[in-house]
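In the numbering used here, the protein residues as written are 12 to 300.
Idealized CB from N, CA, C, for every residue including glycine.
Take a look at the structure below.
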Amino acid sequence: MKVGIIGLGIMGSAYAANLLKAGLDVLGVDPAIEGRTQLEAAGGTTYEVVGPWVAECDLIIISVASPKVLSSVCWHLMKYLKPGQVVMETGTFAMADKLAAREAIEVGGAILLDAPVSGTGIQAAMADLVIMASGPTDAIDHARPFMAYLCHTIIDAGAFGAGTKLKFIANHAVALHNCAAAETLHYADSLGLDRDVVYSLLSKGAGQSKMLDLRMPLMMSGNYTPATAHMAMFEKDLAIIGADIRAQEISTPMFDAVSDLYEKSYSLVPMDYDTAAIFEVYRNTNGET
12 MKVGIIGLGI MGSAYAANLL KAGLDVLGVD PAIEGRTQLE AAGGTTYEVV
62 GPWVAECDLI IISVASPKVL SSVCWHLMKY LKPGQVVMET GTFAMADKLA
112 AREAIEVGGA ILLDAPVSGT GIQAAMADLV IMASGPTDAI DHARPFMAYL
162 CHTIIDAGAF GAGTKLKFIA NHAVALHNCA AAETLHYADS LGLDRDVVYS
212 LLSKGAGQSK MLDLRMPLMM SGNYTPATAH MAMFEKDLAI IGADIRAQEI
262 STPMFDAVSD LYEKSYSLVP MDYDTAAIFE VYRNTNGET
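Right, dumping it as structure tokens:
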């Protein structure tokens, strides 16, 4: 069985590695040499551009970072895909971008699944993700055995686009919990508490969260590279969610507050830092270094 991976960044490279471990043939494409070199070293086959090779794949997985790249990829894929071939788009994009991608893929009779993932790069490497798959049931069933190598949970979200709506909800919660972990650690520091003791309590007590487990150790060490999810990506995601919230005309005071914190962080830390670097906003407020 062959799987094609479009985009060999943090997430795409993790998908490729897990599929290779499962014994599948993996074909990957990325203009950047780093991702291609990593996949080749692991036993995969790489390309610099999309081409006729995609027609050989039993599933195509798209993992790209911007709507412009997504659009370009889909219109190039359309030239080579076979009718009925299944493509799985895993990113976080505005609904209009997802619908435009589906339109491009369907020109030649292929099928696009809207299947964003919830989880960090570290979780992706451990196949510890949740995939929110939406689209035709038979296409989801076709992709399910492949998805099982990438995650611990597959949610059949329903009609195309429902996966993206669930991802908005997931990232809304991530944004809040990430800031909650940063603020709690900042408060603990002000009390002179041992950080390791604080983390031990919080990771086992009622205040535990997945973001606390993953991000507070990074906040404690101040080591924000390599990123499990970088600030630039999260800036894009929060902008999408914020726009959707405004379109729904609902009140989200907590999201509004954390959005302001993230806005402050963008001028304080490099955008390739992990989103745990939101902690630096608190440290900067008190003049810490």
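Given methionine 244 as reference, the closest of Arg257, Asp285, Val280 and Leu212 once Cα atoms are compared: Taking the sequence shown and counting its residues from 1, the one referred to as residue 244 is at position 233. Checking every option, the nearest Cα to that of methionine 244 belongs to Asp285.
Which residues DSSP lists as bridging glycine 169, in chain order: As a first step, residue 169 is located in the sequence shown; it is residue number 158 there, counting from the start. Beta-bridge pairing links glycine 169 to Ser145.
Neighbourhood of valine 65 by C-beta, 7 Å cutoff - its chain only, sequence neighbours within 5 removed: Locating residue 65 in the sequence shown gives position 54, counting from the first residue. Excluding positions up to five away in sequence, the list reads Gly15, Ile71, Leu88, Tyr91 and Leu92.
Other residues of its chain near proline 127: CB distance less than 7 Å, five sequence neighbours each side excluded: Your numbering for residue 127 matches position 116 in the sequence shown. The answer, listed in chain order, is Thr101, Gly102, Thr103, Met143, Gly174, Thr175 and Lys178.
Local Cβ density within 10 Å of glycine 132, reported as buried at 16 or more and exposed below that: Working through the sequence shown from its first residue, we reach residue 132 at position 121. When all chains shown are included, glycine 132 counts as buried.
Beta-carbon gap between glycine 169 and serine 145 smaller than 8 Å: In the sequence shown, the residue the question calls residue 169 occupies position 158. In the sequence shown, the residue the question calls residue 145 occupies position 134. Judged by beta-carbon spacing, serine 145 lies within the 8 Å limit of glycine 169, meaning their Cβ atoms are closer than that value.
Contact under 8 Å by Cβ, asparagine 182 with aspartate 255: Indexing the sequence shown from 1 puts residue 182 at position 171. Indexing the sequence shown from 1 puts residue 255 at position 244. Against a cut-off of 8 Å, the Cβ pair of aspartate 255 and asparagine 182 comes out as no contact.
Beta-carbon proximity check, methionine 222 vs histidine 188, cutoff 8 Å: Translated into positions along the sequence shown, residue 222 becomes position 211. Translated into positions along the sequence shown, residue 188 becomes position 177. Contact: yes.
Contacting residues, own chain, Cβ-Cβ under 6 Å from threonine 263 (five flanking each side not counted): Counted from its first residue, the sequence shown places residue 263 at position 252. The residues are Ile256.
Cross-strand partners of lysine 13 (DSSP beta bridge): Your numbering for residue 13 matches position 2 in the sequence shown. DSSP output for lysine 13 lists Asp36 as bridge partner(s).
For phenylalanine 266 and alanine 258, the rounded distance between their alpha carbons: Taking the first residue of the sequence shown as 1, we reach residue 258 at position 247. Taking the first residue of the sequence shown as 1, we reach residue 266 at position 255. Cα to Cα, the separation comes out at about 15 Å.
Cut-off 7 Å between Cβ atoms - residues of its own chain near threonine 300, not counting five sequence neighbours on either side: Residue 300 sits at position 289 when you count from the first residue of the sequence shown. For threonine 300, the predicted model reports a pLDDT of 49, less than 50, meaning its position is unreliable; a value from the coordinates is still stated below. So the list is empty, once near-sequence residues are dropped.
The segment 52-67 in contact with the segment 104-114 per 3-pair CB rule at 8 Å: no
Nearest-angstrom Cα separation, counted from glycine 95 out to glycine 23: Residue mapping note: residue 23 aligns to position 12 of the sequence shown, counting from 1. Residue mapping note: residue 95 aligns to position 84 of the sequence shown, counting from 1. If you take the alpha carbons of glycine 23 and glycine 95, they lie about 23 Å apart.
Length of the line joining the Cα atoms of lysine 275 and proline 63: Within the sequence shown, residue 275 is the residue found at index 264, counting from 1. Within the sequence shown, residue 63 is the residue found at index 52, counting from 1. Whole-angstrom Cα-Cα distance: 45 Å.
Alanine 136 and alanine 25 closer than 8 Å at C-beta: Indexing the sequence shown from 1 puts residue 136 at position 125. Indexing the sequence shown from 1 puts residue 25 at position 14. Yes, they are a contact pair.
For lysine 215 and alanine 288, the rounded distance between their alpha carbons: The count along the sequence shown starts at 1 and reaches residue 288 at position 277. The count along the sequence shown starts at 1 and reaches residue 215 at position 204. Alanine 288 and lysine 215 have their C-alpha atoms roughly 23 Å apart.
With 16 other Cβ atoms within 10 Å as the buried cut-off, status of arginine 226: Looking up residue 226 in the sequence shown gives position 215. By the neighbour-count rule (16 or more Cβ atoms within 10 Å), arginine 226 is buried.
Range of the contiguous alpha helix (DSSP H) that encloses isoleucine 252: Locating residue 252 in the sequence shown gives position 241, where the first residue counts as 1. Isoleucine 252 -> alpha helix (DSSP H) spans 242-259.
C-alpha distance - tyrosine 273 paired with glutamate 67, whole-angstrom precision: Walking along the sequence shown from the start, residue 273 turns up at place 262. Walking along the sequence shown from the start, residue 67 turns up at place 56. If I take the Cα positions, the gap works out to 43 Å.
Proximity winner among Leu204, Met231, Asp36 and Ile165, relative to alanine 193 (alpha-carbon distances): For this step, residue 193 is matched to residue 182 along the sequence shown. Residue Met231 is the option with its Cα nearest to alanine 193.
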